[in-house]
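Here's the structure, in structure tokens; my notes come after.
2 protein chains.
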Amino acid sequence: MRNELNVLTTDSLIEDVHFRRNWTSARAIGHKALAVNLSDLAAMGAAPRAVLLSLALPADLELAEFDELVDGFVTLADAAPVPLVGGNLTRSPGPLVVDVTAMGTARPRRLLSRGGGRPGDELYLTGSIGAAAAGLGILTAGADRTRLDDAAAACVSRYEQPDARLDCGIQVARNRAASACVDLSDGLADAARQLARASRTGVVIDATAVPIHPGALAWATGLGQDAMQFALSGGEDYELLFSVRRRQRRAFLATTARCRDVTLTRVGRLTAEPGTWLDRAGRLEPLGDGFTHF
Amino acid sequence: MRNELNVLTTDSLIEDVHFRRNWTSARAIGHKALAVNLSDLAAMGAAPRAVLLSLALPADLELAEFDELVDGFVTLADAAPVPLVGGNLTRSPGPLVVDVTAMGTARPRRLLSRGGGRPGDELYLTGSIGAAAAGLGILTAGADRTRLDDAAAACVSRYEQPDARLDCGIQVARNRAASACVDLSDGLADAARQLARASRTGVVIDATAVPIHPGALAWATGLGQDAMQFALSGGEDYELLFSVRRRQRRAFLATTARCRDVTLTRVGRLTAEPGTWLDRAGRLEPLGDGFTHF
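Here the protein sequences come in this chain order: A and B. Under my numbering, think of the first position of the first sequence as 1, with each following residue one higher. Under my numbering, think of the first position of the second sequence as 295, with each following residue one higher.
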């Protein structure tokens, strides 16, 4: 890899912190553990080159569950594609721990960071959000998995087996079409705050523009929640939030139009005035807090 | 890094599997978690370039312990030297989990593997062994740390804060002075078996040549153990075992003579006949099993 920078990222999923084994299949746990790391690479615009899987296995984990977990991981790795180059197995006296490290590469000055935004930049979001939080709500409410309607099934699938926006992050980075990027591991409000803080700007999110997933809209009321709250504070959507200079807008939209299966929505802007705000038809409210795990 | 290969390795330390918090200081846990990964790089002859630290923290871990753990890690990283480039913090509902990933580089065809040995190759071991197992035995027996004699203190220190033989592994690899290498995470018997299996050879260890650490010799009887058993089956010494072609012997010894603070001992040979054997003054016995954690 001549003239390329290596980036490394690590993220772990821990039983009873990030998932529960009686709600979530081992296959989904394996998938998600890799997806959250690929999402970190996507937010940097780095192409994945190698991944490592480190597992701490409780004594009551059955061999079939172990096989499924590894299969969920490897299936996503094959699809990315990125080789699983090593790892570590040990036993755990407590929870199942799935620790993943991913290495990626990007050319110098093509890496995306959170800190490149400036006042006046527009904010664009991939896909739609809120579904993962709705899916978690549906599982927490004890829904019967075999009897979910399509909207509920889509939310649960989004929660358990998120996609990383690798192609989109890499293309935008290669074309230097955005000024900064962050992924939505802990909700839009948290992502916007992180991008603004790193860029030393304020931020305003336009409430009417936020693309809420139809499954989240369908299920929010039944779960006793506001769909906008799922979208702003619900975690684990793993979409990407980009900031884009106004003069980059055309190049950015042309680049993202070539990304597979991803729509982009303008959801707000960076401001010179500090603070993180939600614009509800001209009235500014403070943006709420991000997502907390169990 | 033009013309260099990246290698990645990951290894974790888990409370009540690899250490106990009431025996081992947080500083030592941080040190050891990095040292075992640096030892993996040393066995490949790769120079460390970056490390990641991923921690799952139980609620009862005090802030001072967390600080000490990170300090133990960073102090060794500074000494290596290798930069800590990132990591992850999460809470654990169970044990303290310290997961480390290390990236190293080596030039192509300079990497050491376990599989390059051939029948007739001589086996060389760095340093002396058995001290870590004796140190664990001393801690398990409930010895008063403030009243250890010098031999016991040396054993406990070796168990808690092992050194990785980085300089030696890297120099041997750069000079292509060995045919294969493995580190002693689980004892000499296990290391010899792994090197022989990967090289598709048999192996004979010469019992009279094994360099047993003086602390292990001094403490074995008091702990009701045979010192040779500590040396063969006691884990966590993190020395390196090299196989060396006879015609490489002079180059190997010249290279290792320049390694800092490391003595090399010829401890055996690879054979065409399969099997893993201990040669006790001409009588061959099967080599015992490796080390198992708690």
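By construction, the Cβ of each residue, glycine as well, lies at the ideal position given by its N, Cα and C atoms.
Curious, which full-length beta strand (DSSP E) runs of at least 3 residues does the segment 108–149 of chain A contain? 122–126
Compute the Euclidean distance between the alpha carbons of Ala-358 of chain B and Thr-440 of chain B, then round it to the nearest angstrom. Rounded to the nearest whole angstrom, the CA to CA distance from Ala-358 of chain B to Thr-440 of chain B is 21 Å.
Please identify the residue among A:Cys-259, A:Leu-240 and A:Thr-265 whose C-alpha is closest to the C-alpha of Leu-41 of chain A. A:Leu-240
Who are the near neighbours of Leu-299 of chain B in its chain, counting only those whose CB is closer than 6 Å to its CB and skipping five residues on each side? Excluding positions up to five away in sequence, the list reads Ala-400 and Pro-402.
Proximal residues of chain A, C-beta to C-beta of Asp-393 of chain B below 9 Å: Thr-10, Ser-12, Ser-54, Ala-56, Asn-88, Val-97, Asp-99 and Thr-101
Listing by chain order, which chain A residues have their CB less than 8 Å from the CB of Asn-316 of chain B? Here the premise fails: no neighbours, minimum Cβ distance about 14 Å.
Give me the residue from A:Leu-166, A:Ile-14, A:Ile-129 and A:Ser-25 with the minimum Cα distance to Glu-62 of chain A. A:Ser-25
In its own chain, which residues sit with a C-beta less than 8 Å from the C-beta of Val-561 of chain B, not counting the 5 before and 5 after it? Leu-417, Tyr-418, Leu-419, Leu-482, Ile-499, Asp-500, Ala-503, Val-504, Pro-505 and Leu-535
Buried versus exposed call for Asp-484 of chain B [16 or more other C-beta atoms within 10 Å across all chains shown]: buried
Go to Asn-469 of chain B, then tell me how far its beta strand (DSSP E) extends in each direction, as first and last residue. Careful: Asn-469 of chain B lies outside any beta strand (DSSP E) and carries neither H nor E.
Mind checking which residues open and close the alpha helix (DSSP H) that includes Ser-39 of chain A? 26–44
Under the DSSP definition of a beta bridge, which residues are partnered with Leu-496 of chain B? Reading off the sequence shown, one finds Gly at residue 496 of chain B, where the question assumed Leu. The partner list for Gly-496 of chain B (beta bridge, DSSP) reads B:Thr-565.
Backbone secondary structure at Pro-214 of chain A - three-state DSSP: helix
On the three-pair Cβ rule with 8 Å, is the segment 382–402 of chain B touching the segment 341–354 of chain B? Contact between the segment 382–402 of chain B and the segment 341–354 of chain B is present, because at least three Cβ pairs lie under 8 Å.
Taking C-alpha atoms, which residue in B:Asp-461, B:Arg-487, B:Val-556 and B:Gly-576 lies nearest to Ala-373 of chain B? That would be B:Asp-461, whose Cα lies nearest to the Cα of Ala-373 of chain B.
Put Asp-78 of chain A into one of helix, strand or coil per three-state DSSP. Asp-78 of chain A falls in the helix class under three-state DSSP.
Minimum Cβ-Cβ distance from Ser-319 of chain B to chain A less than 7 Å: No, its Cβ sits nowhere closer than 7 Å to a Cβ of chain A.
Looking only at its chain, what residues have a beta carbon closer than 6 Å to the beta carbon of Ala-492 of chain B, apart from the 5 residues adjacent to it on each side? Arg-408 and Gly-409
Compute the Euclidean distance between the alpha carbons of Ala-272 of chain A and Arg-200 of chain A, then round it to the nearest angstrom. 9 Å
For Val-476 of chain B, go through chain A and note every residue whose CB falls closer than 7 Å to its CB, in chain order. Under the 7 Å cutoff, chain A gives no residues; its nearest Cβ is about 15 Å from Val-476 of chain B.
Just the Cα atoms here: how many angstroms apart are Ala-327 of chain B and Ala-447 of chain B? 20 Å
Please state whether the Cβ-Cβ distance between Val-376 of chain B and Pro-342 of chain B is less than 7 Å. Between Val-376 of chain B and Pro-342 of chain B, the CB-CB gap stays under 7 Å.
7 Å Cβ cutoff met for Leu-406 of chain B and Cys-475 of chain B: At a Cβ-Cβ threshold of 7 Å, Leu-406 of chain B and Cys-475 of chain B count as neighbours.
Might you give, ordered along the chain, the residues of its own chain that have their beta carbon closer than 7 Å to the beta carbon of Phe-230 of chain A, omitting 5 neighbours on each side? Gly-130, Ala-133, Ala-134, Ala-216 and Ala-220
I need the DSSP call for Ala-458 of chain B, collapsed to helix, strand or coil. coil
For chain B, find out if any of its Cβ atoms is closer than 7 Å to the Cβ of Arg-93 of chain A; answer yes or no. Note on identity: in this sequence residue 93 of chain A is Pro, with Arg being the wrong assignment. It does; some Cβ of chain B falls within 7 Å.
CB of Pro-93 of chain A within 7 Å of CB of Asp-310 of chain B, strictly: With contacts defined as CB atoms closer than 7 Å, Pro-93 of chain A and Asp-310 of chain B qualify as a contacting pair.
The alpha helix (DSSP H) enclosing Phe-230 of chain A, as first and last residue numbers: 227–233
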